[in-house]
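Converting from the sequence shown to this note's numbering requires adding 35 to each position, the first position being numbered 1. Below you'll find the structure, written out as structure tokens, and then a few comments.
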Amino acid sequence: MGLLALIKEDIQTAFRKDPAARTVLEVLFCYPGLHAIWFHRIAHWLWGRKLKLLARMISHIARFLTGIEIHPGAVIGRRFFIDHGMGVVIGETTEIGNDVLLYQGVVLGGTSLEKTKRHPTIRNNAVIGAGAILLGPIVVGEGAKIGAGSVVIKDVPEHTTVVGVPAHVIKSRDAEERVISGVDLNHNKLPDPLIALFKRIESRIVSLEERIKEK
């Protein structure tokens, strides 16, 4: 695919995944997530041709201009979109598929000092909520959703939703229920695992008090 076709596809992706997008000019000039992706494509091309210092310099400039840090070694698919984007960090050995959506503050980090695969792999159509932290060479399955503020240190099965610290599965969809548009993660409707725990404890205390009264 040519450069102009890729830019057009990226702009169309912004309109699909961000209801605030109004005009092409607005998307072109006011979307740092897109700017970061375009810078990354240049840096990644240079990285693959052993011009690693120049690639790092371009990614460093991109971080200064956009607030988004993407290592030039990261492999990123098509129609990738970063909404808002400030504070996003994507490590060197990260692999991201097609149609993935990231919100601000997401960290795709490593857990090893060895020069091996040490960052996450994100499959197609995944959605990662604001402030989520994913660590290590884990795999986030196709169509998976990561709730805002979650810390993920284990693989996430495809078409599941995980939340919490550490993250755990709260929803798993059957094949006929799968929605793979990549934009159906309603953060305001995700359950809070701590509140759920406190409610279970409260319910248990009430039950025990009633049993004591009966005696």
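Where is the CB? At the ideal position from N, CA and C, for every residue including glycine. It should be emphasised that the depicted structure is a prediction, and the values quoted were computed from it without experimental measurement.
CB of residue i within 7 Å of CB of residue j, strictly
i	j	result
A157	V142	Here the sequence assigns Ile to residue 157, which means Ala is not the residue at that position. No; because the gap between Cβ atoms is not below 7 Å, this pair is not in contact.
N159	E130	no
V186	P172	no
L69	D45	yes
A183	A161	no
A90	A78	yes
H106	G126	yes
L170	T146	yes
G199	I181	no
A56	V62	yes
DSSP three-state assignment for residue i, whether helix, strand or coil
i	result
E149	coil
I96	helix
E212	With a pLDDT of 45 at E212, under the threshold of 50, the modelled position of this residue cannot be trusted, and the question is left open.
H106	coil
K234	helix
I247	helix
H70	helix
T135	One point to set straight first is that residue 135 is Val, not Thr, in the sequence displayed. DSSP places V135 in coil when its eight states are reduced to three.
I117	strand
V218	Note that V218 scores 44 on pLDDT, short of 50, meaning its location in the model is unreliable; the coordinates nonetheless yield the value given after this. It is coil, neither helix nor strand.
I188	coil
H79	helix
Pick from the options that is closest to residue i, judged by C-alpha positions
i	options	result
F116	Y66, L169 and G126	Y66
H75	L60, A49 and G112	G112
L41	I72, V197 and K152	I72
I97	L136, V124 and E245	Here residue 97 turns out to be Ala, not Ile, going by the sequence shown. Per the Cα distances, V124.
V135	T48, V197 and L81	T48
T196	I103, D118 and I205	I205
D118	K189, R51 and L81	R51
8 Å contact criterion, which residue i and residue j should meet: CB distance rounded
i	j	result
G122	T101	Actually they are not in contact, since the Cβ atoms of G122 and T101 sit about 11 Å apart, beyond 8 Å.
G166	G140	4 Å
T128	H95	Contact flag wrong, Cβ pair sits at about 19 Å.
Residue range of the alpha helix (DSSP H) that includes residue i
i	result
L38	L38 to K52
Terminal residues of the beta strand (DSSP E) in which residue i lies
i	result
V59	No beta strand (DSSP E) contains V59, which is instead part of the alpha helix (DSSP H) from V59 to C65.
V197	T195 to V198
L86	Neither: L86 is in no beta strand (DSSP E) and is coded neither H nor E.
V123	Neither: V123 is in no beta strand (DSSP E) and is coded neither H nor E.
G178	Run containing G178: none; DSSP gives neither H nor E here.
I168	I168 to L170
G144	V142 to G144
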